[in-house]
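Residue 304 in my numbering is what sits at position 32 of the sequence shown, and the numbering runs on without skipping anything. The structure under discussion appears below in the form of structure tokens.
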Amino acid sequence: MLHYLPNNKLKNKAILVLNGDIVDKKIIKQLIIDNDVIIATDGSYDKLVNLNIVPNFVIGDFDSIKSIPQNVEIIKGENQNNSDFEKALLWLINNEYSDISIVGISGGRIDHLLINFALFYKYSNKLKIKIYTNNEILEILTPGKYSIYGKKNDLFSIIALPEAKNIVIKNAKYPINEKYFEIGSRGLSNEFLAEKINISFTSGLIVFIKSK
Numbered sequence: 273m274l275h276y277l278p279n280n281k282l283k284n285k286a287i288l289v290l291n292g293d294i295v296d297k298k299i300i301k302q303l304i305i306d307n308d309v310i311i312a313t314d315g316s317y318d319k320l321v322n323l324n325i326v327p328n329f330v331i332g333d334f335d336s337i338k339s340i341p342q343n344v345e346i347i348k349g350e351n352q353n354n355s356d357f358e359k360a361l362l363w364l365i366n367n368e369y370s371d372i373s374i375v376g377i378s379g380g381r382i383d384h385l386l387i388n389f390a391l392f393y394k395y396s397n398k399l400k401i402k403i404y405t406n407n408e409i410l411e412i413l414t415p416g417k418y419s420i421y422g423k424k425n426d427l428f429s430i431i432a433l434p435e436a437k438n439i440v441i442k443n444a445k446y447p448i449n450e451k452y453f454e455i456g457s458r459g460l461s462n463e464f465l466a467e468k469i470n471i472s473f474t475s476g477l478i479v480f481i482k483s484k
């Protein structure tokens, strides 16, 4: 078993594993190196154990777990109006975590997926969240200037939530310079022209999706 030992000096970065499709074990291992603690919802605990990974915390109402684990800290969420994902996000906020890496967000029912992305959006003003799948990394950008690194010909997409103003994207196959950039298909399947693209905008939110 891979037992993760948290860095008690930092306590601001966490991996949150949801009960969806679990990413490649190599990705999870790298995230463990880069973060302070690993948290599982009750539905994902058994999946992690099958990968020989033991989280630091398990959170939820424990309706999706074979047996309540004895070797981790249990955080029981009593509010049945919130999903286990939302309970975990609220716990992370209350315990002053700031940077959250999420795996297992997709897979299964479409309503669960849409709610998960709605929560991603809802709490983006309180947590810096990155979502990892086997093929993409997603994050929400707030107004400002960004240099994002990749490889030439890497794919990326952007989605406005619901509108971004004065957006400029440079060093991309399809450069963008628009006063109003609205939600839609306009930002789908762009490409890096170099190892770095530059993005800036003055208001709104943007989901940035980079293919791996």
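Ideal Cβ positions, reconstructed from N, Cα and C, are used throughout, including at glycine.
task: Keeping to the same chain, check which residues put their C-beta closer than 8 Å to that of Lys468; ignore five residues upstream and five downstream.
output: Against the sequence shown, residue 468 aligns to sequence position 196. Within the same chain, Lys468 has close Cβ partners Ser419, Ile420, Tyr421, Gly422 and Asn443.
- prompt: Sorted by chain position, which residues of the same chain lie with C-beta nearer than 8 Å to Tyr276's C-beta, five sequence neighbours on each side aside?
  reply: If you number the sequence shown from 1, residue 276 lands on position 4. For Tyr276, the predicted model reports a pLDDT of 36, less than 50, meaning its position is unreliable and no value from the coordinates is stated.
task: Flag this pair as yes or no: are the beta carbons of Phe453 and Ile439 separated by less than 8 Å?
output: As a first step, residue 453 is located in the sequence shown; it is residue number 181 there, counting from the start. As a first step, residue 439 is located in the sequence shown; it is residue number 167 there, counting from the start. In this structure, Ile439 lies closer than 8 Å to Phe453 by Cβ.
- request: Would you tell me roughly how many angstroms separate the C-alpha atoms of Asn366 and Ile372, rounded to the nearest one?
  value: Within the sequence shown, numbered from 1, the residue matching residue 366 stands at position 94. Within the sequence shown, numbered from 1, the residue matching residue 372 stands at position 100. Cα-Cα distance, rounded: 13 Å.
- request: Could you tell me the boundaries of the alpha helix (DSSP H) in which Phe357 lies?
  value: For the purposes of this step, residue 357 is taken as the residue at position 85 of the sequence shown. Phe357 -> alpha helix (DSSP H) spans Asp356 to Asn366.
message: Let's see if you can read the secondary structure: which residues bound the beta strand (DSSP E) around Ile441?
response: To locate residue 441, count along the sequence shown from 1; it is residue 169. Segment Glu435 to Lys442, the beta strand (DSSP E) holding Ile441.
Complete beta strand (DSSP E) runs within the region 387 to 434 (minimum length 3 residues, chain order): 400 to 404, 408 to 413, 416 to 421 and 427 to 432
- request: Look up Ile300 in the DSSP assignment and say whether it is helix, strand or coil.
  value: Residue numbering aside, residue 300 sits at position 28 when the sequence shown is read from its first letter. In the structure shown, Ile300 sits in a helix (DSSP, three-state: H, G or I).
task: Kindly indicate the opening and closing residues of the beta strand (DSSP E) around Asn322.
output: By one-based count along the sequence shown, residue 322 stands at place 50. Unbroken run through Asn322 is the alpha helix (DSSP H), Asp314 to Asn322; no beta strand (DSSP E).
message: Can you find the residues in the same chain that come closer than 7 Å, C-beta to C-beta, to Asn280, ignoring five residues on each side of it along the sequence?
response: For this step, residue 280 is matched to residue 8 along the sequence shown. Here Asn280 scores only 42 on pLDDT, less than 50, and its place in the model should not be relied on; the value that follows carries that caveat. Annotation for Asn280: no residue places its beta carbon closer than 7 Å to its own, counting only its chain and skipping 5 residues before and after.
query: Are the CB atoms of Ile430 and Ile478 nearer to each other than 8 Å?
result: Counting from 1 along the sequence shown, the entry for residue 430 is found at position 158. Counting from 1 along the sequence shown, the entry for residue 478 is found at position 206. The answer is yes: Cβ separation under 8 Å.
message: Looking at Phe464: is its Cβ nearer than 8 Å to the Cβ of Lys400?
response: Numbered from 1 along the sequence shown, position 192 holds the residue referred to as residue 464. Numbered from 1 along the sequence shown, position 128 holds the residue referred to as residue 400. No. Outside cutoff.
- request: Over the uninterrupted beta strand (DSSP E) stretch that includes Lys348, give me the two end residues.
  value: The count along the sequence shown starts at 1 and reaches residue 348 at position 76. Residues Glu345 to Lys348.
task: Leaving aside the five residues before and after Leu433 along the sequence, list all residues of the same chain whose C-beta is less than 8 Å from its C-beta, in chain order.
output: Counted from its first residue, the sequence shown places residue 433 at position 161. Closer than 8 Å at Cβ, skipping near neighbours: Tyr393, Ile412, Ile455, Gly476, Leu477, Ile478 and Val479.
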